[in-house]
Amino acid sequence: MSNPADERRRFHRIATDKPVKITAGSAVHPGTVLDLSLRGLLFEVADDWQPTSGTAISALLELDGELCCIQMEGEVAHVEGNHVGMHCTAIDLDSASRLRRMVELNLADEQLLERDLAELIAG
Numbered sequence: 173m174s175n176p177a178d179e180r181r182r183f184h185r186i187a188t189d190k191p192v193k194i195t196a197g198s199a200v201h202p203g204t205v206l207d208l209s210l211r212g213l214l215f216e217v218a219d220d221w222q223p224t225s226g227t228a229i230s231a232l233l234e235l236d237g238e239l240c241c242i243q244m245e246g247e248v249a250h251v252e253g254n255h256v257g258m259h260c261t262a263i264d265l266d267s268a269s270r271l272r273r274m275v276e277l278n279l280a281d282e283q284l285l286e287r288d289l290a291e292l293i294a295g
């Protein structure tokens, strides 16, 4: 049986376990990305930080060392225990290119990627 939350999602999600640094105000919270899409990510925080929905945050996702990363700005979409969903509101061109490539490699279906990109552009 399908999950209603999955059916509402407009973007395909990619499972991962990459380290992430979340910045909220002046505090930096280490964590692990559980999954990501062209529109956001789900991460697990490693400390006692409990953000609220709507909190402005930035994420620095480390891919292959410090030279290759994805950086995005956004806000907390939901919190469940130590799992936090982030809705991306801004991403630089280099990060967007890396994210697109990561999604492309993991979807293994160019039509799904094109559909996600069309949804992203449509808003």
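According to this note's numbering, the sequence shown holds residues 173 to 295 in order.
Using N, Cα and C, we set each Cβ at its ideal position, and we do this for glycine too.
Between Val-275 and the set Arg-211, Val-200 and Ala-199, the nearest pair of CA atoms involves Arg-211.
Annotated as proximal: Ala-231 and Val-192, with beta-carbon spacing under 8 Å. Counting the other CB atoms within 10 Å of its CB gives Cys-260 a total of 16 or more, which places it among the buried residues. The C-beta separation of Glu-247 from Ile-229 comes to about 7 Å, placing the pair in contact by the 8 Å criterion. Residue burial annotation: Leu-214 is buried, with at least 16 other C-beta atoms found within 10 angstroms of its C-beta.
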